[in-house]
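Before any comments, here is the structure.
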Amino acid sequence: MAARAGPVSNPVGQAVLWLNDPLNWTNPGGILDRLGEHLGMSAAAVLLGCLVAWPVGLWLGHTGRGGGLVVLVSNVTLAIPTLALLTILPLTFLGFGRPAVVVALAVFAVPPLLANAYTGVRQTDPEARDAARGMGLSGGQVLRRVELPLAVPYLAAGFRTAAVQVVATAALASFVNGGGLGQIIRAGFGLDIAAGGGQIIAGGLLVAGLAMLVELVLALVERLVTPRPLRPARRRANRRAADAVAGS
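By full-length UniProt numbering, the letter at position 10 of the sequence shown is numbered 10, and the numbering carries on one by one without gaps.
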């Protein structure tokens, strides 16, 4: 998709003009098409990550075992560069295109989903767990009726983190013909810097804006599913987690 920057020489001005051109939004391969691709593969990747990480994290948290395994899996997964996975997976049966991108992004989504699922169950009040067992509930029933409902705020926090990370990282999908908003940036790099600089900036702004929008929407959802008495504790937990990540 060619840039339509006009005579403006300032890259920021070119980006504004490019974003204000209706054809760049509605043409085939335009912003609306790329936005749909971006959201589609991001949603598929987060859903796949949930299907893998949540059952494992909830069960390990319920049994009280595997804390070291959760940390190990999270650290190893985070240590694998997403770009490396995007390079390797297309050489497998997945081939180039969206399936390889979805799997690579799902791997990237697993650490926060797994860690928060485990932590959410482990933070359940032991007295509530003991009372449920005293009523004759089996282990599976305790997990479903007591621990899982109390872990919902943690699940929402992990989902929020994973979704924002995936949306921001999905821009790399263009390197393996996966589409998405990153395709706009890549097309800009295919032009000389005078003609494509505005398109590159515009693509970056679109990716950043989408990630911030997802963050705001899911932050509201997380707040809504967190019981009011638990909200101050959740904010303190989030701050401690952020400090730990910043210090690592």
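Backbone N, C-alpha and C fix where the C-beta goes; we use that ideal spot for every residue, glycine too. Computed from a predicted structure; not experimentally measured.
Practice item. Under 6 Å Cβ to Cβ from residue 53, same chain only, skipping five residues before and after it: list those, please. Key: For the purposes of this step, residue 53 is identified with residue 53 of the sequence shown, where counting begins at 1. For residue 53, where only same-chain residues beyond five positions count, the Cβ hits under 6 Å are 110, 113 and 114.
**Study point:** Terminal residues of the alpha helix (DSSP H) in which residue 146 lies
**Key:** Here residue 146 refers to the residue found at position 146 when the sequence shown is read from its first residue. No alpha helix (DSSP H) holds residue 146; DSSP gives it neither H nor E.
Practice item. Report yes if the C-beta distance between residue 219 and residue 144 is below 8 Å; otherwise report no. Key: Mapped onto the sequence shown, residue 219 falls at position 219. Mapped onto the sequence shown, residue 144 falls at position 144. No.
**Study point:** Pairwise C-alpha distance: residue 91 and residue 37
**Key:** The residue labelled residue 37 in the question sits at position 37 within the sequence shown. The residue labelled residue 91 in the question sits at position 91 within the sequence shown. Rounded to the nearest angstrom, the two C-alpha atoms are 22 Å apart.
Check your understanding: Nearest to residue 171 by alpha carbon, out of 102, 221 and 116?
Key -> Translated into positions along the sequence shown, residue 171 becomes position 171. The candidate whose alpha carbon is nearest that of residue 171 is 102.
Check your understanding: Between 182, 217 and 84, which lies nearest to residue 202 when the distance is taken from Cα to Cα?
Key -> On the sequence shown, residue 202 is found 202 positions in, with the first residue counted as 1. Comparing Cα-Cα distances from residue 202 to each of 182, 217 and 84, the minimum goes to 182.
Review point. Of the choices 57, 11 and 83, whose alpha-carbon is the least far from that of residue 118?
Key: Reading the sequence shown from its first residue, position 118 is the one you call residue 118. Among 57, 11 and 83, the Cα nearest to that of residue 118 is on 57.
**Study point:** Unbroken alpha helix (DSSP H) run spanning residue 94, endpoints
**Key:** The count along the sequence shown starts at 1 and reaches residue 94 at position 94. Careful: residue 94 lies outside any alpha helix (DSSP H) and carries neither H nor E.
**Study point:** Exposure label - residue 17; buried when at least 16 CB within 10 Å
**Key:** On the sequence shown, residue 17 is found 17 positions in, with the first residue counted as 1. Residue 17 should be labelled buried.
Review point. Less than 8 Å separating the beta-carbons of residue 41 and residue 105?
Key: Taking the sequence shown and counting its residues from 1, one reaches residue 41 at position 41. Taking the sequence shown and counting its residues from 1, one reaches residue 105 at position 105. Contact: yes.
Exercise for review: Report the rounded CA-to-CA distance for residue 78 versus residue 72, giving the unit in angstroms.
Suggested key: The residue you call residue 78 lines up with position 78 of the sequence shown. The residue you call residue 72 lines up with position 72 of the sequence shown. Their Cα atoms are separated by approximately 10 Å.
Review point. Which word fits residue 20, buried or exposed, when buried means at least 16 other C-beta atoms lie within 10 angstroms of its C-beta?
Key: As a position in the sequence shown, residue 20 is number 20, starting the count at 1. By the neighbour-count rule (16 or more Cβ atoms within 10 Å), residue 20 is not buried but exposed.
Check your understanding: Are residue 121 and residue 132 close, meaning C-beta to C-beta below 8 Å?
Key -> On the sequence shown, residue 121 is found 121 positions in, with the first residue counted as 1. On the sequence shown, residue 132 is found 132 positions in, with the first residue counted as 1. Not in contact: residue 121 and residue 132 (Cβ atoms no closer than 8 Å).
Practice item. Would you check if the distance between the CB atom of residue 108 and the CB atom of residue 87 is smaller than 8 Å? Key: Mapped onto the sequence shown, residue 108 falls at position 108. Mapped onto the sequence shown, residue 87 falls at position 87. For residue 108 and residue 87, no; Cβs fall outside 8 Å.
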